[in-house]
Amino acid sequence: MKNLFLTLLLGTLCVFIFAIAPIPLASASSMPQAKLSEAIDHFLNSLPSNYYTIANTEGLKSILKNDNAVLIDVRQPSEYTSGHIPNAINIPLQTLIADIDKIPQDSPVVLYCTTGYRTAMGVMSLQMLGRTNVRGFPPSIQGWKAAGEALEK
């Protein structure tokens, strides 16, 4: 599971870099690229051994016992309305940064999606913006259902 999450995280990082960086990627005279490279390098070199993840349903339930914890479903609204983990709010990945004011900075925050891919992108983005309280649940909704847990509509 850690390898899958790391692969998704690194893939997300590559997509992120190519989406915002002009080609060629490494230009000695480009200050924004140098800062971006430095930020990415710092992020990757400071990853904890658990890659900011909650590995299983029991771990997620434990965190959600905290009354201040926030569970965010980063799937599209149509996916969310078809069924989501109880008490989750919906902030689609594409609007995560635009809606950052809805994400607390001083409470545990957990992101999930369908397979873990969007979760990894969201966690990476928020962590790089200094939101150190954000973690991902890579088993995502599929893992929640596989554990026999109910969905809310």
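Note that the UniProt record's numbering numbers the sequence shown so that position 20 is 20, with each residue one more than the last. By construction, the Cβ of each residue, glycine as well, lies at the ideal position given by its N, Cα and C atoms. Quick caveat: nothing in here was measured; it's all calculated off a predicted structure.
Same chain only: Cβ atoms within 7 Å of residue i, ignoring 5 sequence neighbours per side
| i | result |
| --- | --- |
| THR119 | VAL74, LEU111, TYR112, CYS113, GLY136, PHE137, PRO138, SER140 |
Where residue i falls, given that 16 or more other Cβ within 10 Å makes a residue buried
| i | result |
| --- | --- |
| GLN127 | buried |
| LEU93 | buried |
| GLY116 | buried |
| LEU60 | buried |
| THR132 | exposed |
Cross-strand partners of residue i (DSSP beta bridge)
| i | result |
| --- | --- |
| LEU111 | ILE72, GLY136 |
| HIS84 | GLU152 |
| ASN90 | ASP73 |
| THR53 | GLY136 |
Residues near residue i in its chain [Cβ-Cβ closer than 6 Å; skip 5 each side]
| i | result |
| --- | --- |
| GLN105 | none |
| TYR80 | ASP73, ASN90 |
| PRO86 | GLU152 |
| GLY83 | LEU151, LYS153 |
Separation of residue j from residue i, as counted between CA atoms
| i | j | result |
| --- | --- | --- |
| SER37 | ASN45 | 12 Å |
| SER49 | ALA55 | 12 Å |
| ALA34 | GLY143 | 39 Å |
| PRO108 | ILE63 | 8 Å |
| THR95 | ASN68 | 22 Å |
| ASN66 | ILE103 | 16 Å |
| GLU149 | LEU71 | 15 Å |
| PRO77 | ALA98 | 16 Å |
| PRO32 | LEU47 | 23 Å |
Of the residues the options, the one placed nearest residue i, counting alpha carbons only
| i | options | result |
| --- | --- | --- |
| LEU129 | ILE40, ALA34, GLN142 | ILE40 |
| GLU152 | THR95, VAL134, ILE89 | ILE89 |
| TYR51 | ASN66, GLY122, VAL70 | GLY122 |
| ALA146 | PRO32, THR132, GLU58 | GLU58 |
Close-in-space but distant-in-sequence residues of the same chain around residue i (CB under 8 Å, 5 per side omitted)
| i | result |
| --- | --- |
| ASP101 | none |
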